[in-house]
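J.: Here it is, the structure, as structure tokens.
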Amino acid sequence: MKRARERDEADAGDAEYVNGTRVFLPPIVRPLLRDNTTYAASLPLFLLVAHHALHLLTPVHGHRWYIDGHTSDRLFLRLPCDQELVGIPYLEQDFSLQITPTTVQVGVSTYSHATLGLHRQFTLMLDQWLPRSTSQVLPR
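Here the sequence shown is numbered in the working numbering, starting from 12 and rising by one per residue.
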């Protein structure tokens with residue numbers, strides 16, 4: 012009975028029995044998910060449209076994502092949360108930015124399908140008002 016219980020615990024995903032000895036198995040390596048989109052727009056125009064696009068995304072429990080700031084290479088987003096329900100006042104997400112005088116590339120590299128989904132919803136909204144650039148921003 013004890014051995015069956017130990018095997019059930021091992022089936023939980025972090026351990027397994029080999030020749031009667033419990034051994035640790037590392038988690039399965041998840042692939043890195045990437046997405047980049049380049050727009051033919053100046054940074055001020057991109058930020059204006061990005062603010063509007065975030066406002067049009069579907070609210071999450073009555074709250075909307077908003078731009079919390081940016082640097083030359085990052086766009087910071089924030090989503091207010093109900094602290095009594097979630098335990099934290101807000102969620103944060105950042106996307107990479109690559110900026111030239113005539114283009115802005117927004118991208119994400121993540122292991123999270125939810126983060127990739129947020130990025131894709133965001134770029135679908137941006138596509139309604141900003142033309143995509145056919146030239147890619149050169150990596151730094």
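Where is the CB? At the ideal position from N, CA and C, for every residue including glycine.
Remember, predicted model here, so these are calculated numbers, not experimental data.
For Arg85, does the count of other Cβ atoms within 10 angstroms reach 16, so buried, or fall short, so exposed?
T.: Position 74 of the sequence shown, counted from the first residue, corresponds to residue 85. So Arg85 counts as exposed.
J.: Among residues of its own chain, excluding the 5 on either side of Pro100, which ones have a beta-carbon nearer than 8 Å to its beta-carbon?
T.: On the sequence shown, residue 100 is found 89 positions in, with the first residue counted as 1. Only Pro91, Cys92, Gln94 meet the Cβ criterion.
J.: DSSP on Arg16, reduced to helix/strand/coil?
T.: Looking up residue 16 in the sequence shown gives position 5. Confidence in Arg16 is poor, its pLDDT being 48 and thus under 50, which makes the residue's placement too unreliable to answer from.
J.: Is the beta carbon of Gly98 sitting closer than 7 Å to the one on Phe87?
T.: Numbered from its first residue, the sequence shown carries residue 98 at position 87. Numbered from its first residue, the sequence shown carries residue 87 at position 76. In this structure, Phe87 does not lie closer than 7 Å to Gly98 by Cβ.
J.: Please list the terminal residues of the continuous beta strand (DSSP E) segment that includes Thr121.
T.: Your numbering for residue 121 matches position 110 in the sequence shown. That run of the beta strand (DSSP E) goes 115-121.
J.: Since Asn47 and Gly128 should fall inside the 8 Å C-beta cutoff, what is the C-beta to C-beta distance between them, to a whole number of angstroms?
T.: Here residue 47 refers to the residue found at position 36 when the sequence shown is read from its first residue. Here residue 128 refers to the residue found at position 117 when the sequence shown is read from its first residue. That pair is no contact at about 15 Å.
J.: The alpha helix (DSSP H) with Gln94 in it runs from where to where?
T.: Position 83 of the sequence shown, counting from 1, holds the residue named residue 94. Element bounds for Gln94: 94-97.
J.: Tell me which same chain residues have a C-beta within less than 8 Å of the C-beta of Leu102, skipping the five on either side of it?
T.: Taking the sequence shown and counting its residues from 1, the one referred to as residue 102 is at position 91. The residues are Arg89, Leu90, Cys92.
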